[in-house]
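Chemist: Encoded as structure tokens, here's the structure I'll be asking about.
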Amino acid sequence: MDVTEGDGGAAGRAGGRLTTGEVARRLGVAPTTVRSWDRRYGLGPAAHTGGRHRRWTAEDLALLERMCALTATGLPPAEAARLALDGPEPAPPPARESTARIPRPATPARRGTGADPRPGDVRQECKGVTRAALRLDTVALDRLLDTAIEEHGLVTAWTEVIMPTLQAVGRRWENSGQRYVEVEHFLSWHVSGALRRHAPPAVADRAGATTVLACAPAENHTLPLEVLAAALAEQGLPVRMFGGALPVDSLVAAVRRTGPAVVGLWAQSRTTASRPLAQHVSAIEWGVRGARRRPVVLTLGPGWAGQTLPDLPHPPGLAEAVAAVRSAVSR
């Protein structure tokens, strides 16, 4: 690793320019994410020094801030990059369901923007992970998952590589008479391990900033909560993870003991989602009289479809969930 990029010292501020590490801290993302956006989408600095050393100006930083704002809305990174490169005031991003293509700038404004974002490369990564899982190849699977997270960052790797692969394996299992159950379990276990290897250290509790993550009672699909916990830690936000099938009494006790700003409840199926439980948790109060607080309850996962209310936000994806937590914490 290039020490001069990540040390945040005087060398990085020479000439009023920032190192990649300093830029990442200002944006609240991993340095690997910043480097990946440079390589894949041309969102790099106008100049390098000392060969490969990146040095970022205020203009470069503003471009990345636009990229962060657009991806936080749930826009795919490739489309977000195209909009960010259009200028400081891009048009509102289309809905996720839209299939309209966003035109690229006629003249690339930055180094490398003439290159396509290479969606084919992402598809090849998914195929490689799928093949390793089907072969039950531990070494290859760990290597491919580590590479995806290191190159793209947690959120992008999950959204563009890991989640599509899990869905593909799930479809294969459904269409083959449940012949590939062991592959799905094998892949999920190794994804969980990769998330733990690359997750930042746990962040200490801060008043009004903690997020509690738990599966609904009888729900055991923890992997989406694991990646959310890692993504929040990457943002410097404290998380308390309680995992699968947390009993109601234990969930209530955890909320009362931690006084979280946000509670995320995951339900994979409608049989495990419980709107009365979510409403009960959102009504829990703590604090001194006259200054009592309640948590924002995020209903996470496909099981909540059709069961949510305006006061129970239902982020449709990982990026939206991270943005919702950040918004609740900032309030």
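Okay, so the sequence shown: first residue is 1 according to full-length UniProt numbering, each after it adds one. Think of the CB as a built atom: it goes at the ideal place given N, C-alpha and C, for glycine as much as any other residue.
Quick check for students: name the residue ranges of the alpha helix (DSSP H) that lie wholly in the region 127-155, counting only runs of 4 or more.
Modeler: Within the region 127-155, the complete alpha helix (DSSP H) runs of at least 4 residues are 138-152.
Chemist: Taking the continuous beta strand (DSSP E) assigned at residue 346, which residues delimit it?
Modeler: Since the first residue shown for the chain is 1 and the last is 331, residue 346 is missing from the structure and cannot be characterised.
Chemist: I want to know whether the region 306-321 touches the region 271-282 - three or more CB-CB distances under 8 Å.
Modeler: Taking 8 Å as the limit for Cβ pairs, the verdict is that the region 271-282 does touch the region 306-321.
Chemist: Using 8 Å as the threshold, is the region 262-271 in touch with the region 219-235, meaning 3 or more CB pairs across them?
Modeler: Yes: at least three Cβ pairs fall under 8 Å.
Chemist: In three-state terms, what does DSSP make of R294?
Modeler: Residue state, collapsed to three classes: coil.
Chemist: Can you give the Cα-Cα distance for R26 and R35, rounded to whole angstroms?
Modeler: About 15 Å.
Chemist: Run through DSSP, which three-state label would T272 get?
Modeler: T272 falls in the coil class under three-state DSSP.
Chemist: Comparing the C-beta of Q124 with each C-beta of chain C, is any distance below 8 Å?
Modeler: Judged by its chain identifiers, the structure shown contains no chain C, having just a single protein chain.
Chemist: Within the same chain, show all residues whose beta-carbon is closer than 6 Å to that of A328, passing over the 5 residues directly before and after it, in chain order.
Modeler: A261, V262, V296.
Chemist: Do you know whose CA, among I149, R294, A199, lies nearest G208's CA?
Modeler: Minimum Cα distance to G208 is reached at R294.
Chemist: Just to confirm the assignment: which complete alpha helix (DSSP H) runs, minimum length 4, are found wholly within the UniProt domain "B12-binding" (208-331)?
Modeler: With a minimum length of 4 residues, the continuous alpha helix (DSSP H) runs that stay inside the UniProt domain "B12-binding" (208-331) are 223-234, 248-258, 275-282, 318-330.
Chemist: Compare the beta carbon distance of A81 and L136 with 8 Å and say whether it is the shorter of the two.
Modeler: No; because the gap between Cβ atoms is not below 8 Å, this pair is not in contact.
Chemist: Can you say whether D116 is buried or exposed, counting buried as having 16 or more other CB atoms within 10 angstroms of its CB?
Modeler: Any answer about D116 is weak, because its pLDDT of 33 lies below 50 and its placement is not dependable; what the coordinates show is given next. The residue in question, D116, is exposed, as its Cβ has fewer than 16 Cβ neighbours within 10 Å.
Chemist: Out of R143, A78, V239, which has the shortest C-alpha to C-alpha gap to residue 387?
Modeler: Residue numbering for the chain in the displayed model covers 1 to 331; residue 387 lies beyond these limits and cannot be assessed.
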